[in-house]
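S.K.:
Residue numbers (the working numbering): 108 to 435.
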């Protein structure tokens with residue numbers, strides 16, 4: 108949300124790719140014929156917790172060893188606790204399946220997107236309050252789903268987390284509405300649990316701390332401690348030190364552009380690409396389904412039965428070319 112890519116030959120010719128046509132960490136999976144026992148146990152137990160005790164092909168594609176290990180690590184190796192969280196995440200993924208597949212695009216509610224990638228392989232997600240619309244609880248969770256999914260699938264070099272930058276420029280009274288916090292924090296707590304490495308809040312006004320304090324109560328103390336407050340200059344300096352010059356320049360450009368006006372322009376405005384600015388992101392969704400590691404016979408049968416009734420939707424994810432506004 109990863110490492111293995113195949114060339115997306117149809118990207119610029121109008122052909123689109125479905126998110127279900129990729130198995131994350133394909134290289135990792137193809138190198139293994141058997142899952143580690145604890146990983147297999149988590150997957151089996153999670154399957155038993157799903158409706159009908161079945162895991163769909165789409166859900167199964169999420170259960171790579173590295174992804175399941177994130178849940179195990181977060182639960183200190185407790186397979187039952189990890190399985191419970193994984194099952195909740197898989198049900199969430201089924202709910203937003205069409206968005207995660209790319210068969211339907213969200214109605215963009217802000218400029219929230221994958222902005223760039225650190226030299227370490229960790230994606231950097233970015234949003235600016237200037238471009239956040241008043242809360243729409245139908246569309247906001249879908250926007251989050253698309254961006255977090257693109258973030259995970261954009262990881263490289265063994266990275267398992269991403270960084271989030273929240274630019275508080277343009278923060279206003281309508282942003283004090285706490286309702287969008289709940290789907291955002293729910294997404295962080297379950298389907299993308301332990302994926303956030305850090306959160307940088309840039310130029311936060313005093314009023315923003317009310318929102319931050321509420322959000323902190325919705326996550327663990329460990330997650331809340333990942334947040335840091337910085338000025339625009341300090342944020343760029345921090346990213347330069349931790350992520351490299353290319354990532355720092357991308358952040359500096361984005362913040363510069365967002366300070367050239369005050370009107371709200373969500374979605375693909377001002378040269379932005381959503382859900383991701385990373386120009387190779389579309390190729391992440393190209394690899395065919397099928398090379399799953401083996402689990403128990405019952406789990407395999409559940410996958411096969413579910414697969415018989417599934418069809419692969421045509422993707423509407425955008426072309427891989429990146430259109431950036433250059434700052435002079």
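We put the CB at the ideal spot given by N, CA and C, even for glycine.
With a CB to CB cut of under 7 Å and the five nearest residues on each side skipped, what residues in its chain are close to residue 206?
M.R.: Counting only Cβ-Cβ distances below 7 Å, and skipping sequence neighbours, we find 213, 249, 252 and 253.
S.K.: Going by other Cβ atoms of all chains shown within 10 Å of its Cβ, with 16 needed for buried, is residue 160 buried or exposed?
M.R.: Label assigned to residue 160: exposed.
S.K.: Find out if the Cβ-Cβ distance for the pair residue 157, residue 166 is shorter than 9 Å.
M.R.: Contact flag set, yes.
S.K.: Do residue 230 and residue 385 have their C-beta atoms closer together than 9 Å?
M.R.: Yes, Cβ-Cβ distance for residue 230 and residue 385 is below 9 Å.
S.K.: For the alpha helix (DSSP H) that contains residue 330, what are its first and last residues?
M.R.: Taken as a continuous stretch (DSSP letters only), the alpha helix (DSSP H) holding residue 330 covers 328 to 331.
S.K.: Could you give the DSSP three-state label for residue 241: helix, strand or coil?
M.R.: DSSP places residue 241 in coil when its eight states are reduced to three.
S.K.: What does the Cβ neighbour count give for residue 332, buried or exposed, with the cut at 16 atoms within 10 Å?
M.R.: Residue 332 is exposed by the Cβ-count criterion.
S.K.: How about the segment 223 to 238 and the segment 196 to 210: do they share at least three Cβ pairs that are nearer than 8 Å?
M.R.: Contact between the segment 223 to 238 and the segment 196 to 210 is absent, because fewer than three Cβ pairs lie under 8 Å.
S.K.: Using the DSSP secondary-structure output, state which residues sit across from residue 334 in a beta bridge.
M.R.: According to DSSP, residue 334 bridges with 306.
S.K.: Take residue 277 and list the residues in its own chain whose beta-carbon comes closer than 6 Å to its own, dropping the five residues that flank it on each side.
M.R.: Same-chain partners within the cutoff: 236 and 237.
S.K.: Assuming residue 228 contacts residue 274 (C-beta within less than 8 Å), just tell me the rounded distance between them.
M.R.: Not a contact, Cβ separation roughly 23 Å.
S.K.: Please identify the residue among 314, 366, 381 and 257 whose C-alpha is closest to the C-alpha of residue 282.
M.R.: Per the Cα distances, 314.
S.K.: Could you please give the first and the last residue of the uninterrupted alpha helix (DSSP H) stretch that includes residue 167?
M.R.: Taken as a continuous stretch (DSSP letters only), the alpha helix (DSSP H) holding residue 167 covers 164 to 167.
S.K.: Report the rounded CA-to-CA distance for residue 259 versus residue 367, giving the unit in angstroms.
M.R.: Those two C-alpha atoms are separated by around 31 Å.
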